[in-house]
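Trainee: Here it is: the structure, laid out below.
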């Protein structure tokens, strides 16, 4: 093992920093598993040609009917991600490396939360970025084959000019997004005396890197809205999701489980889903008046408020 002139063992320093990194991994509370199904990847990209298929049971009359899983083709390519920091050689020599442990812990926390950043960033781009059917993920014209000769457009969005919020059905193995993981984040370093950074700059380099990516999954399991987040718009969005059908026109049985919103809309989300009562305006002989009524949507979905939207 390499030792510095101050007596610190570089192997022990790496172990300490790696421990701090792993501590940071455990501190984070990512929520990506709620919105995305994690899929292990073994190559540079994966093809999800089964997306769009909702296989359903049918009465077995005659021969089995094989349901095609290759109507669409959608590929997610893995990307490389890294984070790198440097520690001055004098700090290592003077046994001050402990001052940098919190930085390594934060590096680990950021690595753990990075899938959230990727997933929610993709979700908010869903009004323009396309999914497997070549329509924007949140679109008013997703094609559904009601019969072999009849294709109808279906919508999973609500127009408006406000801050977007979303409903998803997270009760299934499938999810609205795909989190594709090729290689988990690892902690690495350049600390040998003949490494360029040590020899020329007297700096020790530490970092982490991994390979992964996110992509759109099933649009039927998500609904995006730019309308005001209130009871009426929540009800309309929820109703649209529950009416969703698959090819052949059969109901998919979708029920929203989560309302996902940026932190700035958390108050509105709580008013819709947590308050015991709500205010409605009624007309009484031509005079509009506010009346307090029971909130029929209390606890109709869980709130997932995230700062990454």
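Residue numbers (UniProt numbering): 1 to 309. For glycine and all other residues, C-beta sits at the position ideal for the given N, C-alpha and C.
Return the chain-ordered list of same chain residues with a C-beta closer than 7 angstroms to the C-beta of residue 84, the five sequence neighbours on each side being excluded.
Mentor: 205, 207
Trainee: Does the beta-carbon distance from residue 273 to residue 237 come in below 8 angstroms?
Mentor: no
Trainee: On the DSSP bridge assignment, give the partners of residue 136 in chain order.
Mentor: 130
Trainee: Could you pull out every residue in the same chain whose Cβ sits closer than 7 angstroms to the Cβ of residue 44, ignoring the five residues on either side in sequence?
Mentor: 77, 78
Trainee: Could you check whether residue 52 and residue 132 sit closer than 8 angstroms to each other, using their CB atoms as the reference points?
Mentor: yes
Trainee: Roughly how many angstroms separate the alpha carbons of residue 286 and residue 175, rounded to a whole number?
Mentor: 48 angstroms
Trainee: Just the Cα atoms here: how many angstroms apart are residue 82 and residue 111?
Mentor: The alpha-carbon separation between residue 82 and residue 111 amounts to approximately 9 angstroms.
Trainee: On a Cα-Cα basis, can you pick out the residue from 234, 91, 309 that is closest to residue 295?
Mentor: Taking only the C-alpha atoms, the option nearest residue 295 is 234.
Trainee: Look at the Cβ atom of residue 166, then the Cβ atom of residue 74, and state whether they are nearer than 8 angstroms.
Mentor: no
Trainee: Quick one: complete beta strand (DSSP E) runs, 3+ long, within the stretch 189-225?
Mentor: 203-216, 222-225
Trainee: Put residue 250 into one of helix, strand or coil per three-state DSSP.
Mentor: coil
Trainee: Report the option in 244, 228, 39, 96 whose CA atom is closest to the CA atom of residue 159.
Mentor: 228
Trainee: Using a threshold of 8 angstroms, state whether the C-beta atoms of residue 145 and residue 247 are closer than that.
Mentor: yes
Trainee: Consider the C-beta atom of residue 186 and the heavy atoms of the ligand FMN; say whether any pair is separated by less than 7 angstroms.
Mentor: With respect to the ligand FMN, the structure shown offers nothing to examine, as it has no ligands at all.
Trainee: How should residue 152 be labelled, buried or exposed, when 16 other C-beta atoms within 10 angstroms of its C-beta is the threshold for buried?
Mentor: Residue burial is scored here from C-beta neighbours: residue 152 has fewer than 16 other C-beta atoms within 10 angstroms and is therefore classed as exposed.
Trainee: Tell me the residue span of the beta strand (DSSP E) that contains residue 270.
Mentor: No beta strand (DSSP E) contains residue 270, which is instead part of the alpha helix (DSSP H) from 266-273.
Trainee: Among the candidates 195, 119, 230, 297, whose CA atom is the shortest distance from the CA of residue 162?
Mentor: 230
Trainee: Taking the continuous beta strand (DSSP E) assigned at residue 280, which residues delimit it?
Mentor: Element bounds for residue 280: 277-284.
Trainee: Tell me the DSSP secondary structure of residue 97 in three-state form.
Mentor: helix
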